[in-house]
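J.: These protein sequences, in sequence, are chains A and B. The numbering of the first sequence is the numbering used here, which starts it at 1 and goes up by one. The numbering of the second sequence is the numbering used here, which starts it at 1001 and goes up by one.
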Amino acid sequence: MQFYELVEVDVDGRTISLKDGDVEDLTSDFTSGIRARVLSDGAWGFASGKSVEETEKEDVLRRAERASRHNKASAFKDMVESKALKGTFDIEPDKHPRDFSIGEIVDMLEDFTDVATTGQVTSVDVSFIHSDISMKYENSEGSRCEFSMVKTGVSGKSVAKEGNNLQTARERSFGTGGIEVLEGFCDKCREMGKRADALLDANSPKSGRMKAVLDPELAGVFVHEALGHSVEGDHIVNGNSILQGMLGEKIASEELTVKDDPTLPGLFGSYPFDWGGIPSQETVILDGGRLNTFLGSRETSASTGTSPTPNLRSSSYSDIPLIRMSNTYIDSGNSSFEEVMEEVNEGILLCGSRGGQVSPAEGFFQFNAEEGYSIDNGEKKERIRDVSMSGRTLKTLRDIVALSDKVSFNSGRCGKNGQTVSVSEGAPYVAVSEILVGGRE
Amino acid sequence: MNGIDLRDILEKCEEFGADSAEVYAKSIYSLGVEIEKNNIKYVESKESEGIGIRVISGGTVGFASTSDPNQLTRCIKDSLEHSRMSSEELKSFPCKSSYPEVSGINDQNVWDMQPRNLVEGAESMICAASQEDTYPISGSISASASDVRILNSSGLDVGGKETLVGANMEASFGSDQDKSSSFEFDISRAYDIDFEYIGKKAAKMAKKSRGGSKTSLGCRDVILSPIALGSILGATLIPAMDPDEVWRRRSKIPDLISEKIGPEDLNIADNGLLPKGVNSRGFDDEGVPSTKNPVVKNGIMKDILYDCRTAEREGKESTSNAVRSSYSTPPSTSPRNLVIEPVSSTKNIQDEEDIYVRTVLGAHTANSVTGDFSVASRESFEIEDGKQKPLSGIMLYGNLYEMLSDIKEIGNDTRKIDNFVLPSVKTSLEVSN
Chain A
1 MQFYELVEVD VDGRTISLKD GDVEDLTSDF TSGIRARVLS DGAWGFASGK
51 SVEETEKEDV LRRAERASRH NKASAFKDMV ESKALKGTFD IEPDKHPRDF
101 SIGEIVDMLE DFTDVATTGQ VTSVDVSFIH SDISMKYENS EGSRCEFSMV
151 KTGVSGKSVA KEGNNLQTAR ERSFGTGGIE VLEGFCDKCR EMGKRADALL
201 DANSPKSGRM KAVLDPELAG VFVHEALGHS VEGDHIVNGN SILQGMLGEK
251 IASEELTVKD DPTLPGLFGS YPFDWGGIPS QETVILDGGR LNTFLGSRET
301 SASTGTSPTP NLRSSSYSDI PLIRMSNTYI DSGNSSFEEV MEEVNEGILL
351 CGSRGGQVSP AEGFFQFNAE EGYSIDNGEK KERIRDVSMS GRTLKTLRDI
401 VALSDKVSFN SGRCGKNGQT VSVSEGAPYV AVSEILVGGR E
Chain B
1001 MNGIDLRDIL EKCEEFGADS AEVYAKSIYS LGVEIEKNNI KYVESKESEG
1051 IGIRVISGGT VGFASTSDPN QLTRCIKDSL EHSRMSSEEL KSFPCKSSYP
1101 EVSGINDQNV WDMQPRNLVE GAESMICAAS QEDTYPISGS ISASASDVRI
1151 LNSSGLDVGG KETLVGANME ASFGSDQDKS SSFEFDISRA YDIDFEYIGK
1201 KAAKMAKKSR GGSKTSLGCR DVILSPIALG SILGATLIPA MDPDEVWRRR
1251 SKIPDLISEK IGPEDLNIAD NGLLPKGVNS RGFDDEGVPS TKNPVVKNGI
1301 MKDILYDCRT AEREGKESTS NAVRSSYSTP PSTSPRNLVI EPVSSTKNIQ
1351 DEEDIYVRTV LGAHTANSVT GDFSVASRES FEIEDGKQKP LSGIMLYGNL
1401 YEMLSDIKEI GNDTRKIDNF VLPSVKTSLE VSN
C-alpha cells in the first residue's frame, strides 16, 4: 500500500416544510459512514461502508485495497507532496438548531409564509433544513484531523395565479451556522411574494443580442457555472475544459478578479479542510483578467503544475471525491450601481436565476433569469419575465465592462456527476457589452 | 441490519405510543469503475444499509431514519414527534396481500460479480471509444445488488432482492476550439450491457455532431430523440403530475383529466410490472402490489399516479407508485416505468427539413407550473437529402401541453431512459440561435 486515506462522516439532519401552511416533509436522519481510498502499485481503490464499530475501519480498508489491486488500467500518475494536518477545527454555530423545538421552527416558517402571501399569490412553500456534520480525516502520511460544523437554511417559493397565468418566485438562505442564518429571510419572503405577483403582468422580451447588466445573483451563477467549472482540475486533466493550457494568460476583462474561498465565515460553501485533508484558504482564480491557477487536488495539481487547493469534496461518504468549488465570487469593482446602469444605457437588467447549463468543454452557457427589466437611458424600466441569456464563456468574460463596488452572496447546491454539494456564489452588479437574450416572443 | 429483529422495532413503536408503524430496511452492495480518459481512476466497493421508520399517531404520519442500530430508539421517538407535528394525514398502512411475479429484475451474476468483471467491461468501452480522432473523456460502470424488506403493523411483511447495472461513456472528437463531445449510456437489471456498443456510439456521435451550420429559425418540425424527450418530460410532465402539486392546484393537469391532450395514437402508461423494468418489482415501496396504470389513453388524459397517502386524500386507491430514493427518504409518488407506446411502423420518422434533437441541456430550468421550457442543444441535426447534417448550437422553446398536442408522429425506436421507456416523437417547437 503506497497511500491510504480514511474519512469518517456523521450527518445528523432534520427537514421541515410548510406547504400553504401545512406541516409536511418532517423528517430526520442520522447516517454514519466511513470510506477509504487506497493507492497500491499506482492504482486507486475506493470502498465505503457503515461506521459503527472499529472493525469496520479495517473492513473498508481491506476492500479498498482489494479494489485497487484489480485496477489494471490505472489513471494515476502522481501526487503533489502535502504537509500532514493535525488538530480539531470545529465551527460553532451561534444559535444551534437543536436548541429550537420543531414548534418554534414551524412558527418561523409560518411568519415567512404569511409575509409571502400577498396580492394574487395563491400558494407558498417554505422548507427548513439543518444538519450537524462531523468529519474525521486520517491518512498514511500522519494527517489526523477533524471538525464539526452545522449547516442550516431555508428556502421559499411563492406562486401567483391569475386565470391560466401562473408565476413563481423563489428565495433561499443557506449557510454554515445555526438559526442566525435565517436572519433577514422574512424581508426576502416579502419581496418574493411581491415579485411573483408582479410577474403576472410582466412581458417577455424580444430575443436578440444586447447590452446587459447582471444582478449579483445571476452574475454569481454565471461565474460559478461558466468560469468555475472550467477551472476544475479534473476537467482540465481530462481535456474537458476550454481553459486547458491557458494558465497565465489574460482570458477576461482587466476588471475581473475571481476567487474561491472556503474560509469565508457563515457562507454555505465553507469548511475547515477538504476531503483530501487540505486546509482551507483563499484561491485567486482570475487576477485582473489573468488566469492565475486551477482548482485542484494533490493529484490533479501534479498534472496541471499548480498548487493543490482545498477543493476536493464528496457529497457523501460513499461518493468518490471530485474537484468542487466552495464560495466562488467575482470581486468588487469601482462603480456605483447607477454607473453600471449608465454604462449599458440601453439594454436589459437580468435578475435572479432559475438555473442553467454549461458545457465546460465547448465553453457554451445558457441560464434562465427569474426576471428582468428593460434599461432605458440608464434607468431601470419595464419588468420582464421568461427571459434567458446565453453565450460563449470566453467572449462574455472579455465583454465585461463594469462592476459595482459591493459583492453579495447567494447560497446554492451544485451538481456534478450526480453529486450535490453546498456552495455559494457571489458578485457585484456586472455590465456586459453583449449577450444573447432569449424570450418567448 | 445484523442482529436486529425488525418486528421488535414495530413493537417498540407501538410501545412508545404509535397507533401503527412501518419499518423499511434496505441494504445495498455495489461495485463500480470510474473511467478517466483512457484509464480507470477508481475501482469501487460500496456497502450501505439503513432503516426508515414511519408511524401513524392521531391520524397523521411521521418519518425518521438511520444507518446506525444504536440510534434506533431516538429514531422511533423522532418519528413519533414528527407524526404529532405533521399535517400529513394517513389512516393506515397497506394490508398484507399477494404479489405478482415480475421477471428479470434480479440477476445472480450481479451478486457474484468480481471487480475484474467490471474492469474488463470498462476496458472494452474505452477501447471502443478510442477511434481515429475520437477519445474517451470519462465514464463509469456500476453494478449493485440490493435487498429490501417492508413490515408494518397491519401484518404486511414483504421483501426481495434485485439488481441494477448501469454504464455510461462520454467521448470527444477533434481538438481545442473545434472540439465536439457526446455520450451514450445503458441501464439494465442484468449484467448484459453491451459495453463496446456504448463506447462506439459515444465516439460516433461526438464525431457526427462536430461543427455545424445555421438553420432557419422560428416554428419548426422537431424530432425529439428518446433522450431529449426524457429530459423534457422529466422536468415538465412528471412534476406537473405530482399529486401534491395537483392537490394544491399548482398544475394544469387537473383541468386536463378526461380531455384530449395529444393525438389519438398517444398512449402513456405507467407499469410497475414491466419485465426487466428499472423500477419493476412485485410491490412498491409501501408494499402495495404493483399494477399497470394508464396515464394517457388514445390521446385522452386519464389520471395521475398515487401512493397511499395522496390516494387516500382524493378518496382513491394507491396506484402502487410509492417510491423511495433511499431508506432515508419517506415514500413519495413517482412513476415506476413510464412507457410511451411505439407507433410508427418504420424506425425512421424523419422527413426533409426536420430537425433531429438527440440531447438537450438545461431542461431542469423548465417551469413545471406552466409547462414552459427553454433548452439548448449542442447535438442536433437538420435532415437534408435523407441525412442528418449537424447544426451549430440551437435553443428550443416550447410548452409541454402545446408540445403534446402538436405531436405529428411517434416512432418505434423505444429505449430505456432510467425509469422511462420512450420512442422518438415528432412535434413543433420554436427554434432560435
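Each residue gets a CB set at the ideal place from its N, CA and C atoms; glycine is no exception.
Keeping to the same chain, check which residues put their C-beta closer than 8 Å to that of G305/A; ignore five residues upstream and five downstream.
T.: Within the first sequence, the letter at position 305 stands for residue 305/A. Excluding positions up to five away in sequence, the list reads L247.
J.: Go ahead and label W1111/B buried or exposed: buried means 16 or more other beta carbons lie within 10 angstroms of its beta carbon, across all protein chains shown.
T.: Within the second sequence, the letter at position 111 stands for residue 1111/B. When all chains shown are included, W1111/B counts as exposed.
J.: May I ask which residues mark the beginning and end of the beta strand (DSSP E) holding L166/A?
T.: Numbered from 1 along the first sequence, position 166 holds the residue referred to as residue 166/A. From DSSP, the beta strand (DSSP E) with L166/A extends over 165 to 176.
J.: Are any of the Cβ atoms in chain B nearer than 7 Å to that of E441/A?
T.: Within the first sequence, residue 441/A is the residue found at index 441, counting from 1. Below a pLDDT of 50, predicted positions are generally treated as unreliable, and E441/A, at 47, falls in that range; the measurement from the model is reported next regardless. No, E441/A does not count as interfacial toward chain B.
J.: Using a C-beta to C-beta distance shorter than 9 Å, which residues of chain B count as neighbours of E24/A?
T.: Sequence index remark: in the first sequence, residue 24/A carries index 24 (1-based). Under the 9 Å cutoff, chain B gives S1086, S1087, E1088, D1244.
J.: Should P478/A be labelled buried (16 or more other beta-carbon atoms within 10 Å of its own) or exposed?
T.: It is not possible to answer for residue 478/A, since the shown part of chain A is limited to 1 through 441.
J.: So for D1186/B, helix, strand or coil by DSSP?
T.: As a working note, residue 1186/B is residue 186 in the second sequence. Residue state, collapsed to three classes: strand.
J.: In chain order, what residues of the same chain lie with their CB nearer than 6 Å to the CB of A1206/B, ignoring the 5 residues before and after it?
T.: The count along the second sequence starts at 1 and reaches residue 1206/B at position 206. Once the five neighbours on either side are set aside, the close Cβ partners of A1206/B are T1134, A1171, S1172, F1173, S1180, S1181, S1182.
J.: Just checking my contact of N223/A with N327/A at CB under 8 Å: how many whole Å lie between their CB atoms?
T.: Position 223 of the first sequence holds residue 223/A. Position 327 of the first sequence holds residue 327/A. Looking at the sequence provided, one finds Val at residue 223/A rather than Asn. Rounded, the Cβ-Cβ distance is 11 Å, inconsistent with contact.
J.: To the nearest whole angstrom, what separates the beta carbons of V437/A and M210/A, a pair I think is in contact under 8 Å?
T.: Numbered from its first residue, the first sequence carries residue 437/A at position 437. Numbered from its first residue, the first sequence carries residue 210/A at position 210. Rounded, the Cβ-Cβ distance is 6 Å, consistent with contact.
J.: I need the straight-line Cα distance from T117/A to V126/A, nearest angstrom please.
T.: Against the first sequence, residue 117/A aligns to sequence position 117. Against the first sequence, residue 126/A aligns to sequence position 126. So the two alpha carbons sit approximately 12 Å from each other.
J.: Find the nearest neighbour of R144/A within the set G193/A, A212/A, W275/A, judged by alpha-carbon distance.
T.: To locate residue 144/A, count along the first sequence from 1; it is residue 144. Out of G193/A, A212/A, W275/A, W275/A has the C-alpha closest to the C-alpha of R144/A.
J.: Does DSSP put R1358/B in a helix, in a strand, or in coil?
T.: Along the second sequence, read from residue 1 onward, the residue named residue 1358/B stands at position 358. Residue state, collapsed to three classes: strand.
J.: By the three-class DSSP mapping on this structure, what secondary structure does Q1108/B have?
T.: As a first step, residue 1108/B must be located in the second sequence, where it is residue number 108. Note: Q1108/B maps to helix in three-state DSSP.
J.: With DSSP as the reference, label A1171/B as helix, strand or coil.
T.: Counted from its first residue, the second sequence places residue 1171/B at position 171. The answer is strand: DSSP assigns A1171/B an E or B state.
J.: If you compare alpha carbons, which of E1341/B, F1093/B, E1088/B is closest to L1266/B?
T.: Here residue 1266/B refers to the residue found at position 266 when the second sequence is read from its first residue. When only C-alpha atoms are compared, the closest one is E1341/B.
J.: Counting only beta-carbon atoms, is R98/A nearer than 7 Å to chain B?
T.: Residue mapping note: residue 98/A aligns to position 98 of the first sequence, counting from 1. Not closer than 7 Å to any Cβ of chain B, the Cβ of R98/A fails to qualify, so no.
J.: Beta-carbon of V1425/B versus every beta-carbon of chain A: anything under 7 Å?
T.: Working through the second sequence from its first residue, we reach residue 1425/B at position 425. It does not; no Cβ of chain A falls within 7 Å.
J.: With respect to the beta strand (DSSP E) encompassing D125/A, which residues constitute its N-terminal and C-terminal limits?
T.: By 1-based counting over the first sequence, the position of residue 125/A is 125. Where D125/A is concerned, the enclosing beta strand (DSSP E) stretches over 121 to 139.
J.: On the three-state DSSP scale, how would you describe I1261/B?
T.: In the second sequence, counting from the first residue as 1, residue 1261/B sits at position 261. Note: I1261/B maps to coil in three-state DSSP.
J.: Is it buried or exposed for R1309/B, if we count other Cβ within 10 angstroms and need 16 for buried?
T.: Working through the second sequence from its first residue, we reach residue 1309/B at position 309. Buried is the call here.
J.: Between V1369/B and V159/A, which are expected to be in contact by the criterion C-beta below 8 Å, what is the C-beta distance as a whole number of angstroms?
T.: For the purposes of this step, residue 1369/B is taken as residue 369 along the second sequence, with counting starting at 1. For the purposes of this step, residue 159/A is taken as residue 159 along the first sequence, with counting starting at 1. Right, the Cβ-Cβ distance comes to about 6 Å (below 8 Å), so this counts as a contact.
J.: Roughly how far, in whole angstroms, is the beta-carbon of I1223/B from the beta-carbon of D1354/B, given that I think they are within contact range, below 8 Å?
T.: As a position in the second sequence, residue 1223/B is number 223, starting the count at 1. As a position in the second sequence, residue 1354/B is number 354, starting the count at 1. That pair is a contact at about 6 Å.
J.: If you measure from the beta carbon of L166/A to each beta carbon in chain B, is any gap under 7 Å?
T.: Here residue 166/A refers to the residue found at position 166 of the first sequence. So, interface residue.
J.: Among G178/A, E138/A, N139/A, D132/A, which has the Cα closest to the Cα of V154/A?
T.: Start at 1 with the first residue of the first sequence, and residue 154/A comes out as number 154. The shortest Cα separation from V154/A among G178/A, E138/A, N139/A, D132/A belongs to G178/A.
J.: From which residue to which residue does the beta strand (DSSP E) around K1292/B run?
T.: Reading the second sequence from its first residue, position 292 is the one you call residue 1292/B. Start and end: 1292 to 1297.
J.: Give a yes or no on whether the C-beta atoms belonging to F89/A and L39/A are separated by under 7 Å.
T.: As a position in the first sequence, residue 89/A is number 89, starting the count at 1. As a position in the first sequence, residue 39/A is number 39, starting the count at 1. No, Cβ-Cβ distance for F89/A and L39/A is not below 7 Å.
J.: Report buried or exposed for R98/A, applying the criterion of at least 16 other Cβ atoms within 10 angstroms of its Cβ.
T.: Taking the first sequence and counting its residues from 1, one reaches residue 98/A at position 98. Exposed.
J.: Select from T1060/B, E1132/B, A1145/B, C1127/B the residue whose C-alpha is nearest the C-alpha of S1138/B.
T.: In the second sequence, the residue the question calls residue 1138/B occupies position 138. It is C1127/B.
J.: What did DSSP end up calling C189/A once you bin it into helix, strand or coil?
T.: Position 189 of the first sequence holds residue 189/A. Note: C189/A maps to helix in three-state DSSP.
J.: Straight-line CA distance for E1034/B to S388/A?
T.: Position 34 of the second sequence, counted from the start, is the residue given in the question as residue 1034/B. Position 388 of the first sequence, counted from the start, is the residue given in the question as residue 388/A. Each residue's alpha carbon lies about 35 Å from the other.
J.: Write down every uninterrupted run of the alpha helix (DSSP H) in the region 334 to 377 of chain A whose length is 4 residues or greater and which is fully enclosed by it, in chain order.
T.: Qualifying alpha helix (DSSP H) stretches, in chain order: 337 to 344.
J.: Going straight from the alpha carbon of D287/A to that of T257/A, what length do you get?
T.: Within the first sequence, the letter at position 287 stands for residue 287/A. Within the first sequence, the letter at position 257 stands for residue 257/A. Using only the alpha carbons, I get a separation of about 5 Å.
J.: Is the Cβ-Cβ distance between S253/A and G289/A less than 7 Å?
T.: Translated into positions along the first sequence, residue 253/A becomes position 253. Translated into positions along the first sequence, residue 289/A becomes position 289. Yes; because the gap between Cβ atoms is below 7 Å, this pair is in contact.
J.: Pull up the distance between the alpha-carbon of E441/A and that of T1365/B, whole angstroms please.
T.: On the first sequence, position 441 is the one that residue 441/A refers to. On the second sequence, position 365 is the one that residue 1365/B refers to. Confidence at E441/A is low in this model, with a pLDDT of 47, below 50, so its placement is unreliable and no value can be given for it.
J.: Looking at the strands, I want to know which residues DSSP matches up with S1057/B.
T.: Here residue 1057/B refers to the residue found at position 57 when the second sequence is read from its first residue. DSSP lists T1060/B as partners of S1057/B.
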